[in-house]
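Below is one structure; the comments refer to it alone.
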Amino acid sequence: MDKRLLGEARLARFAFLATVGLSFLGGLLVIGQAFLLSRIINRAFLAGATRASLATLFMLLLGAIGLRALNQAGIQVVAAEVAVRVKQDLRRRLMSHLLQLGPTYTQQERSGELALTITDGIEALDSFFRDYLPALFVALLIPLTILLVVVPIDLLTFVVLLVTAPLIPVFMVLIGMAAGSLANSRYAQLSQMSAHFLDVMQGLTTLKLFNRSRAQIKIIAQMTDRYRQSTLAVLRVAFLSAFTLELLATISVAVVAVEIGLRLLYGRLPFEQALFLLVIAPEFYLPLRQLGAKFHAGRDGTAAAERIYAILNAPLPETDGRTAVPDFHQIRFENVSVTFGADERPALEGFSLTISKGERVALVGATGSGKSTVANLLLRFVTPTNGRIQLTNETENIPLHQIDAQAWRAQIGWVPQRGYLFNMSVADNIRMGRLDASDVQMTAAAQAANAHTFIENLPQGYETILGENATRLSGGQAQRIALARALVRSAPIYIFDEATANLDTDNEQVIQQNLETLTAGATVLIIAHRLETIRQADKIVVLDNGRIAEIGTHSELLKQQGAYFQLLHAVGEGAYD
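Just so you know, we're using the working numbering here: the sequence shown kicks off at 2 and counts up by one.
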């Protein structure tokens, strides 16, 4: 039993308590049914009672059988209610936690594996709460109730039941130890296979281009065969468990029958009492056998829960939850360092920079120099390993982590190098930047991104569905819609990460002019590889291996003939000297 999963049942407390109560009621009905059946047989065959005199007992027996059927149905209904509520809550919490962890966490994981955890992983808990958990309480309460009834009737039968009953759970646990590792291995293989399938589907064009699709077919066949073998291994253990438990239950019932039969034969036990004990003995072991049969469902749920709780326990970025974003004059990075792994080289080290309100700051440097890490720090996707980031004004310095991340990001218009467009209409994709944007505001943003004309020429204009990741559009068109999504926010802070990298020269020039007009007065952080796009920046920061190499304006850095000067000539832009 995973205590974390048992704790989830608190979400449906009344349904869970109803499961326990109905399980106890089921035990009473089993006893009542056995009592009535033994009383009817004894009176009909030994006492010579007529059918008329037994009518009341027959009605009570039929009532007990009907109530027992309703009781079983009720257990299934309330258990299903527990399962549904737990799955809904876990799925909500898991999605919320992943969104709070942000892209820095998800980029380190495999998308297919995360998708499997959110869907099939949580769905695997259905059998745990619907089948295994009710069976567990039935196996606990019904045998215990029967024992309490048997002890005053016949001490020897009580001792036999008490001695033989633990054999079933003991063997179930021993087999379950093997089943647990197999179930964990099987779920891990399923996660790996799902992640690989998604990789293959996303890279199908590349595989066809380089004629590697047949090689992938072989790899997928090998993975599915390993998954088949692990699934069969789990099933073998499940069948072995069922066989073992059935054998133990049968032998135990036989022992009870022998000791009762011998005493009945020698007249040491009344017939009605003996019959009652014989009828109730199989009912005593039945819940334990059913628990063993459903044990693999509990193991599958536990295996899925390990991954679910591993994600839920991943630490969130540090925050103190201050919801109001203060009026600030500067953003200050103070000796900030970021390391993503214990043995990795720091992505950023000793980074100190002041960005004044309304200032245009450009970050340049070779690939891997730390430019995107600075943007992720400002977006609160990354937490500094050392140092701090503060918002300052005349009266106070507010650490950035004290501000609610969602409220802070609402102040930022962000255009990544490869903005993702969802399988929605153009209008919905643009309005993701601002849900309450009017048609006029949305069109103005599209015009500023030089996207309005080609959008109007689409089959349904702004209502055209783009397909998954904008498969209908070229890279430049998709980038312009992503740019419009940022501009519609009218934000006080903008981060442009190679916002015009996929555009031709004509579109780039138009958009650059529009950006300078629309972002006038806003604080702008520009990450650029094409250095001609940042000549007019108020401050250019040159990064080298996570450290600041130079800071200055375009003309100042050219005069120094240092790292910036070398970058210009290295990329063939020496004409901008």
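Just so it is clear, CB atoms sit at the ideal spot from N, CA and C, and this is done for glycine as well. All values reported here derive from a predicted model rather than from experimental measurement.
Asked, Found
"Does DSSP put lysine 540 in a helix, a strand or coil?", "strand"
"Can you tell which of Leu467, Gly477, Ser357 and Ala538 has its C-alpha closest to the C-alpha of alanine 363?", "Ala538"
"Using C-beta distances below 7 angstroms, list every residue in its chain close to glycine 28, excluding the 5 sequence neighbours before and after it, in chain order.", "Leu142, Ile143, Thr146 and Ile147"
"Sort Ala80, Leu47, Arg44 and Thr206 by Cα distance to leucine 137 and report the nearest one.", "Ala80"
"Between which two residues does the beta strand (DSSP E) holding glutamate 551 run?", "548-553"
"Are the CB atoms of leucine 91 and isoleucine 312 within a distance shorter than 8 angstroms?", "no"
"Going by the beta-carbon positions, is the gap between valine 416 and alanine 483 smaller than 8 angstroms?", "yes"
"Kindly indicate which residue of Leu287, Ala564 and Leu183 has the alpha-carbon position closest to the one of proline 170.", "Leu287"
"Can you have a look at valine 441 and say buried or exposed, based on whether 16 or more other CB atoms are within 10 angstroms of its CB?", "exposed"
"Is the region 258-276 touching the region 150-169, taking contact as three or more C-beta pairs under 8 angstroms?", "yes"
"Could you say which of Phe341, Leu279 and Gly359 lies nearest to leucine 519 if we only look at CA atoms?", "Gly359"
"Return the chain-ordered list of same chain residues with a C-beta closer than 7 angstroms to the C-beta of threonine 472, the five sequence neighbours on each side being excluded.", "none"
"Can you tell me whether arginine 481 is helix, strand or coil according to DSSP?", "helix"
"Which class does alanine 576 belong to by DSSP, given the choice of helix, strand or coil?", "In this prediction, alanine 576 scores a pLDDT of 41, lower than 50, which makes its location untrustworthy; no coordinate-derived value is stated."
"What number of angstroms, rounded off, separates the C-alpha of lysine 4 from the C-alpha of valine 139?", "18 angstroms"
"How big is the Cα-Cα spacing for leucine 558 and lysine 540?", "10 angstroms"
"So serine 192 packs on glutamate 114, CB below 8 angstroms; how close in whole Å?", "4 angstroms"
"What's the call for glycine 1, buried or exposed, on a 16-neighbour Cβ count within 10 Å?", "Since the first residue shown for the chain is 2 and the last is 578, residue 1 is missing from the structure and cannot be characterised."
"Using only alpha-carbon positions, find the residue among Ile218, Gly388 and Phe285 that is nearest to valine 164.", "Phe285"
"In the DSSP assignment, what residue or residues form a beta bridge with glutamate 335?", "Arg389"
"Which class does leucine 62 belong to by DSSP, given the choice of helix, strand or coil?", "helix"
"Where DSSP assigns a beta bridge to arginine 490, which residues make up the other side?", "According to DSSP, arginine 490 bridges with nothing at all."
"Given threonine 107, which residues of its chain have a CB within under 8 angstroms of its CB, disregarding the five upstream and five downstream residues?", "Leu99 and Leu115"
"Specify the secondary structure class of valine 326 as computed by DSSP and reduced to three states.", "coil"
"Among Leu422, Leu349 and Gln448, which has the Cα closest to the Cα of threonine 386?", "Leu349"
"Check for me: the beta strand (DSSP E) holding valine 161 runs from which residue to which?", "Element bounds for valine 161: not the beta strand (DSSP E) but the alpha helix (DSSP H), 156-165."
"Excluding the five sequence neighbours on either side, which residues of its own chain have a C-beta within less than 7 angstroms of the C-beta of leucine 317, listed in chain order?", "Gln101 and Leu102"
"What's the gap between the Cα of leucine 30 and the Cα of glycine 64?", "10 angstroms"
"List the endpoints of the continuous alpha helix (DSSP H) containing isoleucine 456.", "453-457"
"Does any heavy atom of the ligand FAD sit closer than 7 angstroms to the C-beta of leucine 71?", "Among the components modelled here there is no ligand, and therefore nothing to report on the ligand FAD."
"Taking the straight line between their C-alpha atoms, what separation do you get for asparagine 185 and alanine 305?", "8 angstroms"
"Where does tyrosine 421 land, buried or exposed, given buried means 16+ other C-beta within 10 angstroms?", "exposed"
"Could you name the residues of the same chain whose beta carbon sits closer than 8 angstroms to that of phenylalanine 272, not counting the 5 residues immediately before and after it, in chain order?", "Asn43, Leu47 and Leu265"
"Give the C-beta separation of asparagine 72 and leucine 26 to the nearest angstrom, bearing in mind that I take them to be a contact with Cβ-Cβ under 8 angstroms.", "6 angstroms"
"Determine the extent of the alpha helix (DSSP H) in which threonine 444 is found, giving its start and end residues.", "440-449"
"Measuring straight from C-alpha to C-alpha, what distance separates glutamate 499 and glycine 522?", "21 angstroms"
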